[in-house]
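Number of protein chains: 4
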Amino acid sequence: METLTASPIDDAVARARRAIDTMYAADVAAQSLGIEVLEVVPGNVRIAMTVRPDMLNAHGICHGGFLFALADTALAYACNSRGEPMVAAGASIEFLAPVGLGERLIASARETSRSARHGIYDVAVSDASGEPRAHFRGRCARLRTPSGS
Amino acid sequence: METLTASPIDDAVARARRAIDTMYAADVAAQSLGIEVLEVVPGNVRIAMTVRPDMLNAHGICHGGFLFALADTALAYACNSRGEPMVAAGASIEFLAPVGLGERLIASARETSRSARHGIYDVAVSDASGEPRAHFRGRCARLRTPSGS
Amino acid sequence: METLTASPIDDAVARARRAIDTMYAADVAAQSLGIEVLEVVPGNVRIAMTVRPDMLNAHGICHGGFLFALADTALAYACNSRGEPMVAAGASIEFLAPVGLGERLIASARETSRSARHGIYDVAVSDASGEPRAHFRGRCARLRTPSGS
Amino acid sequence: METLTASPIDDAVARARRAIDTMYAADVAAQSLGIEVLEVVPGNVRIAMTVRPDMLNAHGICHGGFLFALADTALAYACNSRGEPMVAAGASIEFLAPVGLGERLIASARETSRSARHGIYDVAVSDASGEPRAHFRGRCARLRTPSGS
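Protein chains in written order, with the working numbering: chain E, 1 to 149; chain C, 1001 to 1149; chain W, 2001 to 2149; chain A, 3001 to 3149.
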């Protein structure tokens, strides 16, 4: 009887979740980083990653590249949660505080702007207590197909 | 007789190279990414990385996080090549063209600005033919020690 | 009897407003740009500016420099609304849509991150109908005094 | 007899200079800021501006908006010096040191990347002694016309 009671909003959320589950299944990089998808709604996602020994840099803290990779994955999932394929065009990140071995990080992506061709997404990377460790802003563009844009 | 003929510039280059070799030896993340250090002079470095299957995203191309990680490593080595410890504070990256499996990438970091406390480094990520695939600009700050900065 | 009923929150808001009114009175640039201060609470401000003929570039639209100047002023007021003096260290801006002569723009600054030494503020620049025209992210740092930081 | 001896490079430089002179003549904002065009070659320009009293912020130093406006103008002229019309899509700026009243600033724009649709330009803003005061990186995109892009 579930389908009888599902609202349009529920449908949109279910579609977004399925789209990202499919994307994640093909995303070898996200899987190899140990990323988990926690929550998906159209335009917004929450994902998680735990810092492993092979992610530590010469200072013994998480390499900035892995913090970026987590945030960039959140961007990819958020901007593809509406159905039309988008790719990241660029991003900036601010590192607020070092992250140590074994810490579990949550990246929350929020849709700040979206048009037919472009989008801006802000991603906060926080620790288990909710303290922000990095802020990321990414831009995405509609994926051009060989037949046009 | 080597010490008789070494110029001050040769000495500075040798010191920079040793500093980065020591840093790389402790940089588990860079090693796990398969990064190689090609060239180090004070303020500038060139490093390389080859795209592996576990670096591919859902589009089958290199995940932006790994392009960033390569560029961020070049920033870390360039800004630490002068002896005083620095850490990345933030960065921006522009993705110019997709990068495929097996491609060998070269990241060249150039010192754009440097003061006692801050630095700006520009990193070009290019393919084997020298074509740029990404441009990165990173900011670093002097590492604060417990006793002050 | 006003002081008897004022809550601590009212006091903080009144202090923030006074701090920014004083700052604005000394801010010749903001005045020369025709900027008005609409609202100030600790960490957040809303200001406005109307595009004048001398702000138009060769395409006949508002020069990006003036959009940035509006957003940068919102950053300055937001990051100084808490009492401790801060200065802008850097910023990025995305231009979403052109802005024409006579349009009234509202810049809303929001505190995304704040520590004793640094802050990140996001500023949305919107038109009269609330449509975003630019998104700005600025970083500020505690103003160093001659006696130390 | 000049035309007989002009090389293709001389021609390209002369065309770029004419294109930017025409653009400047229509750029009310650049004129109102007192900007002067010093040098134009395809992809690169040098322009100057002197800090006026109406450009000073509440700290008595040049408002960041005017430093950005100078750099953004250099971006606009550099990216339009090749004939195809481009507009700024976004930019980032790092403020290195305060700039005082009466200082003459030089903005030098360099083409870092250029394709048919996009470009990246780096602009250094320096004082009269050549000391950098700000670094700017701007992105531009091909201007879309109503008939297509």
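Every residue, glycine too, gets a C-beta built ideally from N, C-alpha and C. Please read all numbers here as calculations on a predicted model, not as lab measurements.
Exercise. Any beta-carbon of chain C closer than 8 Å to the one on W/S2113?
Worked result: Numbered from 1 along the third sequence, position 113 holds the residue referred to as residue 2113 of chain W. It does not: the Cβ of W/S2113 has no partner Cβ on chain C nearer than 8 Å.
Exercise. Is it the case that the Cβ atoms of C/A1076 and C/F1136 are separated by a distance below 8 Å?
Worked result: Residue mapping note: residue 1076 of chain C aligns to position 76 of the second sequence, counting from 1. Residue mapping note: residue 1136 of chain C aligns to position 136 of the second sequence, counting from 1. When the beta-carbon positions are compared, C/A1076 and C/F1136 stay at least 8 Å from each other.
Exercise. In the stretch 1017–1043 of chain C, which residues sit with their C-beta less than 7 Å from some C-beta in chain W, listed in chain order?
Worked result: When C-beta distances to chain W are compared with 7 Å, every residue of the stretch 1017–1043 of chain C stays at or above that value.
For this session: Return yes when the Cβ of C/V1123 is within less than 8 Å of the Cβ of C/M1107, no when it is not.
Result: Taking the first residue of the second sequence as position 1, residue 1107 of chain C is located at position 107. Taking the first residue of the second sequence as position 1, residue 1123 of chain C is located at position 123. A small fix is needed here, since residue 1107 of chain C is Ala in this sequence, not Met. Between C/A1107 and C/V1123, the C-beta gap is smaller than 8 Å, which places the two residues in contact.
For this session: Inspect the beta-carbon positions of W/A2069 and A/H3063 and report whether they are closer than 8 Å.
Result: Counting from 1 along the third sequence, the entry for residue 2069 of chain W is found at position 69. Counting from 1 along the fourth sequence, the entry for residue 3063 of chain A is found at position 63. Going by C-beta atoms, W/A2069 is nearer than 8 Å to A/H3063.
Problem set entry | Spatially closest choice to C/R1046 from C/P1132, C/V1125, C/A1026 and C/A1014, by CA coordinates | Locating residue 1046 of chain C in the second sequence gives position 46, where the first residue counts as 1. Of all alpha-carbon atoms in C/P1132, C/V1125, C/A1026 and C/A1014, the one lying nearest the alpha-carbon of C/R1046 is that of C/V1125.
Exercise. Does C/E1002 get closer than 8 Å to chain W when you measure Cβ to Cβ?
Worked result: Residue numbering aside, residue 1002 of chain C sits at position 2 when the second sequence is read from its first letter. For C/E1002, the pLDDT reaches just 49, beneath the cut-off of 50, and the residue's location in the model is therefore unreliable, although a value from the coordinates is still provided. Cβ-Cβ to chain W under 8 Å: no for C/E1002.
For this session: Can you grab the Cα-Cα spacing for the pair W/G2034 / A/N3080, in whole Å?
Result: Counted from its first residue, the third sequence places residue 2034 of chain W at position 34. Counted from its first residue, the fourth sequence places residue 3080 of chain A at position 80. Near 30 Å, if we compare the C-alpha coordinates of A/N3080 and W/G2034.
Problem set entry | For A/D3122, three-class secondary structure by DSSP | The sequence position of residue 3122 of chain A within the fourth sequence is 122, counting from 1. Strand, per DSSP.
Exercise. Does A/D3011 come within less than 8 Å of chain W when only Cβ atoms are used?
Worked result: Residue 3011 of chain A sits at position 11 when you count from the first residue of the fourth sequence. Chain W contact via Cβ: absent.
Problem set entry | C/N1057 vs E/A29 beta-carbon contact at 8 Å | Indexing the second sequence from 1 puts residue 1057 of chain C at position 57. Indexing the first sequence from 1 puts residue 29 of chain E at position 29. Cβ distance < 8 Å, so C/N1057 and E/A29 count as in contact.
For this session: Per DSSP, which residues does C/T1050 bridge with? Please list them.
Result: Within the second sequence, numbered from 1, the residue matching residue 1050 of chain C stands at position 50. According to the DSSP secondary-structure assignment, C/T1050 is paired through a beta bridge with C/R1104.
Exercise. So, does the CB of A/S3092 fall closer than 8 Å to a CB anywhere in chain E?
Worked result: In the fourth sequence, the residue the question calls residue 3092 of chain A occupies position 92. Interface annotation, A/S3092: in contact with chain E, CB-CB separation under 8 Å.
Exercise. To which residues of the same chain is C/A1097 closer than 7 Å at the C-beta, ignoring the five residues directly before and after it?
Worked result: For the purposes of this step, residue 1097 of chain C is identified with residue 97 of the second sequence, where counting begins at 1. Once the five neighbours on either side are set aside, the close Cβ partners of C/A1097 are R1133.
Exercise. Candidates A/G3100, A/P3008, A/S3115 and A/E3039: which alpha carbon is nearest A/D3021's?
Worked result: To locate residue 3021 of chain A, count along the fourth sequence from 1; it is residue 21. Answer by Cα proximity: A/E3039.
Exercise. Hey, quick one: how far does the alpha helix (DSSP H) through W/S2032 stretch, first residue to last?
Worked result: Along the third sequence, one-based indexing puts residue 2032 of chain W at 32. It spans V2028 to S2032 - the alpha helix (DSSP H) in which W/S2032 sits, taken as one unbroken run.
Problem set entry | Whole-angstrom C-beta distance between E/A71 and E/C140, which should lie under 8 Å | Locating residue 140 of chain E in the first sequence gives position 140, where the first residue counts as 1. Locating residue 71 of chain E in the first sequence gives position 71, where the first residue counts as 1. With 8 Å as the limit, E/C140 and E/A71 do not qualify as a contact, their Cβ atoms being about 13 Å apart.
Exercise. Does W/R2133 come within less than 8 Å of chain E when only Cβ atoms are used?
Worked result: As a position in the third sequence, residue 2133 of chain W is number 133, starting the count at 1. Under the Cβ criterion of 8 Å, W/R2133 is not counted among the residues facing chain E.
Exercise. Using a C-beta to C-beta distance shorter than 8 Å, which residues of chain C count as neighbours of E/D72?
Worked result: Numbered from 1 along the first sequence, position 72 holds the residue referred to as residue 72 of chain E. Within chain C, the residues near E/D72 are H1063, G1064, G1065 and F1068.
Problem set entry | DSSP-derived helix/strand/coil call for C/I1093 | Translated into the one-based positions of the second sequence, residue 1093 of chain C becomes position 93. In this structure, C/I1093 counts as strand in the three-state DSSP scheme.
Problem set entry | Top-ranked residue by Cα proximity to E/A109, from E/A116, E/I120, E/A14 and E/E84 | Within the first sequence, the letter at position 109 stands for residue 109 of chain E. The candidate whose alpha carbon is nearest that of E/A109 is E/I120.
Exercise. Which residue comes first and which comes last in the beta strand (DSSP E) that contains C/C1062?
Worked result: For the purposes of this step, residue 1062 of chain C is taken as residue 62 along the second sequence, with counting starting at 1. Counted as a single uninterrupted DSSP element, the stretch harbouring C/C1062 is not any beta strand (DSSP E), since DSSP gives it neither H nor E.
Exercise. Which term fits W/D2010, buried or exposed, when burial requires 16 or more other beta carbons within 10 angstroms of its beta carbon?
Worked result: Stepping through the third sequence from its first residue, residue 2010 of chain W is reached at position 10. W/D2010 is exposed by the Cβ-count criterion.
Exercise. Chain W beta carbons: is any one of them nearer than 8 Å to that of E/L96?
Worked result: To locate residue 96 of chain E, count along the first sequence from 1; it is residue 96. So yes, E/L96 belongs to the interface.
For this session: Measure the C-alpha to C-alpha separation of W/G2065 and W/S2032 and round it to an integer number of angstroms.
Result: For this step, residue 2065 of chain W is matched to residue 65 along the third sequence. For this step, residue 2032 of chain W is matched to residue 32 along the third sequence. Rounded to the nearest angstrom, the two C-alpha atoms are 14 Å apart.
Problem set entry | Residue-level contact to chain A via CB, C/I1106, 8 Å cutoff | By one-based count along the second sequence, residue 1106 of chain C stands at place 106. At a cut-off of 8 Å between C-beta atoms, C/I1106 does not count as an interface residue with respect to chain A.
For this session: State the beta-bridge partners of C/R1018 as determined by DSSP.
Result: Sequence index remark: in the second sequence, residue 1018 of chain C carries index 18 (1-based). For C/R1018, DSSP records no beta bridge to any residue.
For this session: Return the CA-CA distance between E/A12 and W/V2051, expressed in angstroms with no decimal places.
Result: Within the first sequence, residue 12 of chain E is the residue found at index 12, counting from 1. Within the third sequence, residue 2051 of chain W is the residue found at index 51, counting from 1. Taking the straight line joining both Cα atoms gives about 40 Å.
Problem set entry | Beta carbon proximity, E/L56 to chain C, threshold 8 Å | In the first sequence, counting from the first residue as 1, residue 56 of chain E sits at position 56. Yes, E/L56 counts as interfacial toward chain C.
For this session: Would you mind giving the Cβ-Cβ distance between A/P3053 and A/L3101, rounded to the nearest angstrom? I have them listed as a contact below 8 Å.
Result: Along the fourth sequence, read from residue 1 onward, the residue named residue 3053 of chain A stands at position 53. Along the fourth sequence, read from residue 1 onward, the residue named residue 3101 of chain A stands at position 101. Between A/P3053 and A/L3101 the beta-carbon gap is near 6 Å, inside 8 Å, which marks them as a contact.
Exercise. Would you report the Cα separation of W/A2025 and A/E3131, rounded to the nearest angstrom?
Worked result: Locating residue 2025 of chain W in the third sequence gives position 25, where the first residue counts as 1. Locating residue 3131 of chain A in the fourth sequence gives position 131, where the first residue counts as 1. Approximately 31 Å, taken between the alpha carbons.
Exercise. Can you tell which of A/P3008, A/I3061, A/R3082 and A/S3007 has its C-alpha closest to the C-alpha of A/R3018?
Worked result: Position 18 of the fourth sequence, counted from the start, is the residue given in the question as residue 3018 of chain A. The candidate whose alpha carbon is nearest that of A/R3018 is A/R3082.
For this session: Closer than 7 Å by beta-carbon distance: list the chain C residues that pair up with E/V51, in chain order.
Result: The count along the first sequence starts at 1 and reaches residue 51 of chain E at position 51. Listed along the chain, the chain C residues whose CB falls inside 7 Å of the CB of E/V51 amount to none; the nearest CB is some 10 Å away.
Exercise. Who are the Cβ neighbours of A/G3138 in its own chain at under 6 Å, not counting the five residues just before and after it?
Worked result: Start at 1 with the first residue of the fourth sequence, and residue 3138 of chain A comes out as number 138. These residues qualify, in order along the chain: L3075, A3088, A3091 and Y3121.
Exercise. Smallest Cα separation from C/V1037: which of C/T1073, C/I1061, C/P1008 and C/S1007?
Worked result: As a working mapping, residue 1037 of chain C is identified with position 37 in the second sequence. Looking at the Cα atoms, C/T1073 is the closest of the given residues.
For this session: Report the three-state DSSP secondary structure of E/A78 (helix, strand or coil).
Result: Within the first sequence, residue 78 of chain E is the residue found at index 78, counting from 1. In this structure, E/A78 counts as helix in the three-state DSSP scheme.
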